[in-house]
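Undergrad:
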Amino acid sequence: MTTGKVDLTGVESTMLVTLYLRALDSRAERPVLGDRFAADAVARIDYDWATLDKPAITRNRFMLALRARQFDDWTAGFLRRHPDATVLQLACGLDSRVFRLDLPEGIRWFDVDLPDVIALRRRLYDDAEGYRMLATSVTDEGWLDELPSGGPVLVIAEGLLMYLHEPEVARLLRRLTDRFGSGELLFDGVAPWVARTTQLAKKYLGRWYHYPAYWTATRGPADIVRWNPRLRHRDDVAVLAEYDRIPDPALRRFYRFGNRFAWFANYLRVFRAEF
Ligand SMILES: C[S@@+](CC[C@H](N)C(=O)[O-])C[C@H]1O[C@@H](n2cnc3c(N)ncnc32)[C@H](O)[C@@H]1O
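So the sequence shown is numbered by UniProt numbering: it starts at 1 and just counts up by one.
The following block contains the structure:
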């Protein structure tokens, strides 16, 4: 069954890119992530995927798969330590983490995204015992009241915080720590030069650059505490540090070379914080 024509714009459309890239990774002989749900979703969504089939986009397929894999590993570790936890995945897009991982029975998992994205997600997947989708902006007031309060909670924000403005990030994190009391936050952050480049591209090349700019960069652990002093940095990893897992020899060489330069190596980092 297909979804019917899909025509998303703005920040909602970015999850079609990450979905498509995970599907491409899954078709590699030795995929980094191997997300077969992504390939299946791409086959079912009536969208002009050829618009994404450009080297400037597809060369990122393994970087995005490495990012997702790091989130999967940290999520699996947290769920082993807290088999009765609540998981709140913000900006879920069409991510299939809830199906990819082997979840303990007591887990309650909430996937959250903007209404148009959740409407599409509902055409592919259903709510189930222990699993619910929520259609809301994470910056709206009130939506957290629908969720069970109390920790431990795992908050996953993959590909989200950079699209928000810093005061929105700080407000969101404060509302999360107030609501749940204890848990972990996993998120990815771009370097300041990356955010600045997207802002300039949007300003001067807006006719060609169709994606939203990044507003929040993450310089390092000090930013996390500045956003919310209740958060304690536990770990961070440069996504590209794992370039030797990339199966495509030309891309592997490209990333290996790039990794000699700190500004390139730290393009995208994944962070784990506790509260
Ligand atoms: C780059 S995609 C990442 C999607 C998914 N995490 C993944 O890795 O495939 C960014 C996602 O953030 C969502 N998003 C952006 N701003 C949001 C907001 N204020 N509230 C909820 N979701 C938001 C978009 O709709 C989109 O699905």
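We treat Cβ as the ideally placed atom computed from N, Cα and C, and that holds for glycine.
How far does the alpha helix (DSSP H) with residue 69 in it extend, from its first residue to its last?
TA: Here the alpha helix (DSSP H) through residue 69 covers 61-81.
Undergrad: At the level of alpha carbons, what is the spacing between residue 229 and residue 235?
TA: Spanning the two alpha carbons is a distance of roughly 16 angstroms.
Undergrad: Can you give me the start and stop residues for the alpha helix (DSSP H) that residue 200 sits inside?
TA: Taken as a continuous stretch (DSSP letters only), the alpha helix (DSSP H) holding residue 200 covers 192-204.
Undergrad: Buried or exposed: where does residue 269 fall if 16 or more other Cβ atoms within 10 Å of its Cβ makes it buried?
TA: Burial call: buried.
Undergrad: Tell me, which residues are paired with residue 156 by DSSP?
TA: According to DSSP, which records beta bridges pairwise, residue 156 is partnered with 89, 186.
Undergrad: How many Å lie between residue 249 and residue 144 at the Cα?
TA: Cα to Cα, the separation comes out at about 45 angstroms.
Undergrad: For ligand 1, is there a heavy atom less than 6 angstroms away from the beta-carbon of residue 95?
TA: Correct: residue 95 has its Cβ closer than 6 angstroms to ligand 1.
Undergrad: Identify, in the order they occur along the chain, each residue of the same chain with its Cβ nearer than 6 angstroms to the Cβ of residue 184, setting aside the five sequence neighbours on each side.
TA: If we look at residue 184 and ignore the five residues flanking it on each side, its Cβ neighbours are 78, 154, 274.
Undergrad: In three-state DSSP terms, what is residue 271?
TA: Reduced to three states, the DSSP call for residue 271 is strand.
Undergrad: Check each candidate in 48, 64, 138, 71 and name the one with the smallest Cα separation from residue 91.
TA: The candidate whose alpha carbon is nearest that of residue 91 is 138.
Undergrad: Just the Cα atoms here: how many angstroms apart are residue 101 and residue 202?
TA: One C-alpha to the other measures close to 36 angstroms.
Undergrad: Just the C-alpha distance for residue 174 and residue 65, rounded to the nearest angstrom, thanks.
TA: Their Cα atoms are separated by approximately 29 angstroms.
Undergrad: Classify residue 219 as helix, strand or coil using the three-state DSSP reduction.
TA: Residue 219: coil per DSSP, three-state reduction.
Undergrad: In whole angstroms, give me the CA-to-CA distance for residue 225 and residue 170.
TA: For residue 225 and residue 170, the distance between alpha carbons rounds to 10 angstroms.
Undergrad: Any chance the CB of residue 12 is under 6 angstroms from a heavy atom of ligand 1?
TA: Answer for residue 12: yes, Cβ within range of ligand 1.
Undergrad: If you compare alpha carbons, which of 55, 163, 36, 122 is closest to residue 4?
TA: Of the candidates 55, 163, 36, 122, the one whose C-alpha sits nearest the C-alpha of residue 4 is 122.
Undergrad: Could you check whether the Cβ of residue 160 sits closer than 6 angstroms to any heavy atom belonging to ligand 1?
TA: Yes.
Undergrad: Is residue 114 near ligand 1, in the sense that its beta carbon is under 6 angstroms from a heavy atom of that ligand?
TA: Correct: residue 114 has its Cβ closer than 6 angstroms to ligand 1.
Undergrad: According to DSSP, what are the bridge partners of residue 46?
TA: Looking at the DSSP assignment, residue 46 forms a beta bridge with 5.
Undergrad: Going by beta-carbon coordinates alone, are residue 23 and residue 39 separated by less than 7 angstroms?
TA: Against a cut-off of 7 angstroms, the Cβ pair of residue 39 and residue 23 comes out as a contact.
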